[in-house]
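Colleague:
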Amino acid sequence: MLQTNATILIADDDRAIRAVLSRALGRVGHRVRATGNASTLWQWVQAGDGDLVITDVHMPDGDGLELVPRIRALRPDMSVIVMSAQNTLVTAVKATDRGAFEYLPKPFDLTELLNAVERGLAQPTQRATAAKEFKERQEDRETGRLDRLPLIGRSGAMQDIYRVIARLVKTDLTALITGESGTGKELIARALHNFSRRREAPFVAVNMAAIPKELIESELFGHEKGSFTGANSRFDGKFSQAQYGTLFLDEIGDMPQEAQTRLLRVLQEGEFTRIGGSQKIKADVRIVAATHRDLTAAVKAGLFREDLFYRINVVPVRVPPLRERLDDIPDLVRHFVDQNTAQGLPHKSFTAEAFDELKRHRWPGNVRELENSIRRICALYSENEIDADVVVKELAGSLTGQNETAHASLRQAVDQHLRAFFSAHTHGLPSAGLYNRILREVEKPLIEQTLDATRGNQIRAAEVLGLNRNTLRKKIRDLDIEVVRGLRRPDD
1228 MLQTNATILI ADDDRAIRAV LSRALGRVGH RVRATGNAST LWQWVQAGDG DLVITDVHMP
1288 DGDGLELVPR IRALRPDMSV IVMSAQNTLV TAVKATDRGA FEYLPKPFDL TELLNAVERG
1348 LAQPTQRATA AKEFKERQED RETGRLDRLP LIGRSGAMQD IYRVIARLVK TDLTALITGE
1408 SGTGKELIAR ALHNFSRRRE APFVAVNMAA IPKELIESEL FGHEKGSFTG ANSRFDGKFS
1468 QAQYGTLFLD EIGDMPQEAQ TRLLRVLQEG EFTRIGGSQK IKADVRIVAA THRDLTAAVK
1528 AGLFREDLFY RINVVPVRVP PLRERLDDIP DLVRHFVDQN TAQGLPHKSF TAEAFDELKR
1588 HRWPGNVREL ENSIRRICAL YSENEIDADV VVKELAGSLT GQNETAHASL RQAVDQHLRA
1648 FFSAHTHGLP SAGLYNRILR EVEKPLIEQT LDATRGNQIR AAEVLGLNRN TLRKKIRDLD
1708 IEVVRGLRRP DD
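Residue numbers (the numbering used here): 1228 to 1719.
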């Protein structure tokens, strides 16, 4: 049931916004007091007036964000809604961190704002200790942390992500980040860590797709000396390394089902044991997972555990592909140019027509592809101002280059995979038998994809692979490969 007859205090130096909000709130039964400056708002709050505050950030005589902790300290049960045209994660996190009930970017959706007002009136925050928490914060350190933020973009899609991150500042909820390759999922994960109460502890990232399945459990949970061939010393896995911090499980959709089962048990029980060990170790970590796969489809296909999916999908965060946030391209380009300049490359500026050409591109590689393109332009072109012709030439050249080197892409992918695999072994070399394990890891998807291409026809698959039919059948059995005639296998 909606609460009516409340008094809403509005502070915004835009007369039109004050008028729109006053009419909308009046229509649903609220009383409204509106002002264009921060000092008047603060006087009203000090006098005990109002049930809820809506404030802009920048006003002629003050900063709405600076008012939030003062309001919360004086009147802890009063909800404050912050609006801003800055539309950055910095603003969203600052607003939430200082005690705002809700943050809304301008231009705002009026229905969404009215809903936020009703929620703020129906569920006022009851944190009487908020003032003490705000006073104890070291503002200079906080500002430095915010200034180093790598997330760029003011589009509506990015605003949704900023608000999710801001709302999770004070929680340990598990998050599942989904999005295409190159969209910046790890940056989101790092932002979730950097703005959490665990930010002083380690952020440990592990790529499930870069580790052979035989070693995943050892990598995650560690092993005792002598627990298997090649285990010459005790190894602390990623859970131990991330203790009290955040463990980022990248490409969790590639995790083998055996490891999925053990991960689920750890998430349920909050403790684990090293391979070959008996001592239970408390897992005091926050889990953030990511994948480019459709895990809902993987669950339906029996490739991903449904119970694990619900465990990690507490807070879903979808990272949009670049083609859905084209208006962010200018900000991203300027950011990458500044990065390149700091690394010694010539500074470049882009014409409006150049930005138009960049927005016409489909960007299948997303932000990562854009970053690489801008780096090439900064390095290879002598012009200080980049026009549309340069962009067209660069994008056409990158597509041609992709076609010309397609034959080398598999070798490059394997090389990158192995580099990441060896880099992950910071405590020594992998266990013995690596050659056969790697070949087995390559062999299974090779056979699966060939069977997929031949729609399950084993005779044709054997011809394509250059194998005897009996040899292929044996490998299918040994590798536990599912063969479906006439159909393509579900995309895993």
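No residue lacks a Cβ here, since even glycine has one placed at the ideal position from N, Cα and C.
Considering only the beta carbon of each residue, do Leu1341 and Val1280 sit closer than 8 Å?
Modeller: no
Colleague: What residue ranges within the stretch 1373-1442 form continuous alpha helix (DSSP H) runs of no fewer than 4 residues, ordered along the chain?
Modeller: 1383-1394, 1412-1421
Colleague: In terms of residues, what are the limits of the alpha helix (DSSP H) holding Tyr1330?
Modeller: Counting along the chain, Tyr1330 falls outside any alpha helix (DSSP H), though it belongs to the beta strand (DSSP E) covering 1329-1332.
Colleague: Do you know how far the Cα of Arg1501 is from the Cα of Ser1445?
Modeller: 7 Å
Colleague: The beta strand (DSSP E) that contains Arg1696, what's its start and end?
Modeller: Run containing Arg1696: none in the beta strand (DSSP E); it sits in the alpha helix (DSSP H), 1696-1705.
Colleague: Classify Phe1475 as buried or exposed, calling it buried when 16 or more other Cβ atoms lie within 10 Å of its own Cβ.
Modeller: Its Cβ being crowded by 16 or more others within 10 Å, Phe1475 is buried.
Colleague: Let me know if Asn1593 comes out buried or exposed under the rule of 16 or more other beta-carbons within 10 Å of its beta-carbon.
Modeller: buried
Colleague: When the distance is taken between beta carbons, is Ser1576 closer than 8 Å to Asn1599?
Modeller: The Cβ atoms of Asn1599 and Ser1576 do not sit closer than 8 Å to each other.
Colleague: What residue range does the beta strand (DSSP E) around Ala1238 cover?
Modeller: 1234-1238
Colleague: Does DSSP classify Arg1242 as helix, strand or coil?
Modeller: Arg1242 carries a helical assignment under DSSP once its states are collapsed to helix, strand and coil.
Colleague: Taking contact to mean 3 or more Cβ pairs, one atom from each stretch, closer than 8 Å, check whether the stretch 1543-1560 and the stretch 1576-1588 are in contact.
Modeller: yes
Colleague: State the Cα-Cα distance for the pair Asp1276 and Thr1234, rounded to the nearest angstrom.
Modeller: 8 Å
Colleague: How many whole angstroms separate the CB atoms of Arg1545 and Thr1405, which I take to be in contact at a CB cut-off of 8 Å?
Modeller: 5 Å
Colleague: Measure the C-alpha to C-alpha separation of Arg1704 and Glu1329 and round it to an integer number of angstroms.
Modeller: The alpha-carbon atoms of Arg1704 and Glu1329 are separated by roughly 56 Å.
Colleague: Helix, strand or coil: how does DSSP classify Pro1543 here?
Modeller: strand
Colleague: Determine the direct distance from the alpha carbon of Ile1665 to that of Ala1688, and round the result to whole angstroms.
Modeller: Cα to Cα, Ala1688 sits roughly 22 Å from Ile1665.
Colleague: Are the Cβ atoms of Ala1510 and Phe1499 separated by less than 8 Å?
Modeller: yes
Colleague: Would the stretch 1429-1436 count as touching the stretch 1470-1488 if we require 3 or more Cβ pairs under 8 Å?
Modeller: yes
Colleague: Helix, strand or coil: how does DSSP classify Val1493 here?
Modeller: For Val1493, the three-state secondary structure derived from DSSP is helix.
Colleague: Quick one, are the C-beta atoms of Gly1263 and Asp1239 less than 8 Å apart?
Modeller: yes
Colleague: Just list the beta strand (DSSP E) runs in the stretch 1451-1494, keeping only unbroken ones of 3 residues or longer that don't cross its boundaries, in chain order.
Modeller: 1473-1477
Colleague: Specify, as a first and last residue, the run of the alpha helix (DSSP H) that Arg1603 falls within.
Modeller: 1593-1607
Colleague: Could you pull out every residue in the same chain whose Cβ sits closer than 8 Å to the Cβ of Thr1323, ignoring the five residues on either side in sequence?
Modeller: Tyr1330, Ala1393, Arg1394, Val1396
Colleague: Pull up the DSSP beta-bridge partners for Met1305, would you.
Modeller: None; Met1305 has no bridge partner.
Colleague: Output the distance between the C-alpha atoms of Ala1469 and Gln1506, rounded to the nearest integer angstrom.
Modeller: 18 Å
Colleague: State the DSSP-derived secondary structure class of Ser1266, mapped to helix, strand or coil.
Modeller: The answer is helix: DSSP assigns Ser1266 an H, G or I state.
Colleague: In chain order, which alpha helix (DSSP H) runs of at least 4 residues are fully inside the stretch 1498-1537?
Modeller: 1522-1527
Colleague: Is the CB-CB distance between Arg1520 and Gly1480 below 8 Å?
Modeller: One thing to note: Arg1520 has its Cβ within 8 Å of the Cβ of Gly1480.
Colleague: Can you tell me which of Gln1273, Val1259, Ala1525, Arg1425 puts its alpha carbon nearest to the alpha carbon of Tyr1471?
Modeller: Arg1425
Colleague: Of the residues Gly1449, Thr1318, Ser1467, which one's Cα is nearest the Cα of Gly1380?
Modeller: Selected option, being the one with the closest Cα: Thr1318.
Colleague: Can you give me the start and stop residues for the alpha helix (DSSP H) that Thr1282 sits inside?
Modeller: That residue, Thr1282, is in no alpha helix (DSSP H); its beta strand (DSSP E) goes 1279-1283.
Colleague: Closest by CA to Asn1232, which one among Met1286, Glu1345, Lys1333?
Modeller: Glu1345
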